[in-house]
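A.B. asks: The numbering used here numbers the first residue of the sequence shown as 65 and each following residue consecutively.
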Amino acid sequence: MSERPPLQNRVDPWGQLQPVRARGSLMGNRGILHVGQDIVRRWATKAWVTCVLDETFQKRKPFSPNTYSELFFLDEATAFAAGHRPCRVCQRQRHDEFNTGWTAANAASVSRTRLPIADIDKALHAERTRPDKGKRTYTATVADLPSGTLVDYAGQARLVRPAGLPVWSFHGYTKGDPLAPDAPVEVLTPRSIVQIFRAGFRPRVHDSAHTL
Numbered sequence: 065m066s067e068r069p070p071l072q073n074r075v076d077p078w079g080q081l082q083p084v085r086a087r088g089s090l091m092g093n094r095g096i097l098h099v100g101q102d103i104v105r106r107w108a109t110k111a112w113v114t115c116v117l118d119e120t121f122q123k124r125k126p127f128s129p130n131t132y133s134e135l136f137f138l139d140e141a142t143a144f145a146a147g148h149r150p151c152r153v154c155q156r157q158r159h160d161e162f163n164t165g166w167t168a169a170n171a172a173s174v175s176r177t178r179l180p181i182a183d184i185d186k187a188l189h190a191e192r193t194r195p196d197k198g199k200r201t202y203t204a205t206v207a208d209l210p211s212g213t214l215v216d217y218a219g220q221a222r223l224v225r226p227a228g229l230p231v232w233s234f235h236g237y238t239k240g241d242p243l244a245p246d247a248p249v250e251v252l253t254p255r256s257i258v259q260i261f262r263a264g265f266r267p268r269v270h271d272s273a274h275t276l
């Protein structure tokens, strides 16, 4: 019997769903995207979340009927680049840190410490998607971007790090050719999330990035 093809549920930094076998370190969802074993829509809600991948997941059968479509990410930096944010239920502390950081960096005139998460989801949705449902990006130079940002350079996703710009893959990061500080890149991470990175919030990255 031939091996069953992988589900189309591994998320790349462009926010696309790919059929690869790499497991990843985080789970998440955008609502119910599947019919049977097939993806039929890119999202069903503006609340794109990331969730912890722990023993409770073992009770789930991916792409079951009438429940959310399980998505997987290499790391938190990838999830943020795709436009996801921490789940309020299973990542409450991280969710609160993100919300507080996002509010301070992007809504300084607001008197409260944290905005309603629906307001942030609405803002993120406008930043991550174009009217044609493609990925919204913007151009910046490497020197202008904080650590943790993912960018597109010559068709490769690269992670901005103090020691260089390693190349992203579903299996981890590998060393890439150096880029000049003034090199123009297409920024994949939504602008408002880049702002919170600039203010000191740091995404968690795959272990392979620390060894380069």
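Built from N, CA and C at the ideal position, the CB exists for glycine as well.
1. Just curious, the alpha helix (DSSP H) that S256 is in, first and last residue?
2. Rounded to a whole number of angstroms, what is the C-alpha to C-alpha distance between G165 and F265?
3. Would you mind stating whether R94 and S133 have Cβ atoms separated by less than 9 Å?
4. Which stretch, first to last residue, makes up the alpha helix (DSSP H) that contains W166?
5. Nearest to A108 by CA position, among C115, R87, N130 and M91, is which residue?
6. On the DSSP bridge assignment, give the partners of D216 in chain order.
7. Closest to E250 by CA distance: which of Y202, D271 and V231 is it?
8. Confirm the yes/no value for this check: CB of S233, any heavy atom of the ligand GDP, distance under 8 Å.
9. Note down the Cα distance separating T193 from S256, rounded to an integer number of angstroms.
10. Nearest-angstrom Cα distance between S233 and K125?
11. Which residue or residues does DSSP assign as beta-bridge partners of I181?
12. From A143 to L179, what distance separates their C-alpha atoms?
13. Can A146 and P77 be called in contact, C-beta distance under 9 Å?
14. Would A221 and L214 be called neighbours here (beta carbons separated by less than 9 Å)?
15. DSSP has F137 in a bridge; who is on the other side?
16. What is the DSSP secondary structure of A204, counted as helix, strand or coil?
C.D. replies: So, from the listed chains and residues:
1. Counted as a single uninterrupted DSSP element, the alpha helix (DSSP H) harbouring S256 occupies residues R255 to R262.
2. Distance between the alpha carbons of G165 and F265: 7 Å.
3. Closer than 9 Å, so yes.
4. Counted as a single uninterrupted DSSP element, the alpha helix (DSSP H) harbouring W166 occupies residues R156 to N170.
5. The option with the nearest alpha carbon to A108 is N130.
6. When DSSP reads this structure, D216 sits in a beta bridge with A221 and E250.
7. Just measuring C-alpha positions, the residue of Y202, D271 and V231 sitting nearest E250 is Y202.
8. Because no ligand of any kind appears in the structure shown, any question about the ligand GDP cannot be addressed here.
9. Roughly 14 Å separates the two Cα atoms.
10. In a straight line, the C-alpha of S233 is about 25 Å away from that of K125.
11. As far as DSSP is concerned, I181 takes part in no beta bridge.
12. Rounded to whole angstroms, the separation of the alpha carbons of L179 and A143 is 21 Å.
13. With respect to P77, A146 sits close: the two C-beta atoms are nearer than 9 Å.
14. One thing to note: A221 has its Cβ within 9 Å of the Cβ of L214.
15. According to DSSP, F137 shares a beta bridge with L90.
16. Three-state result, A204: strand.
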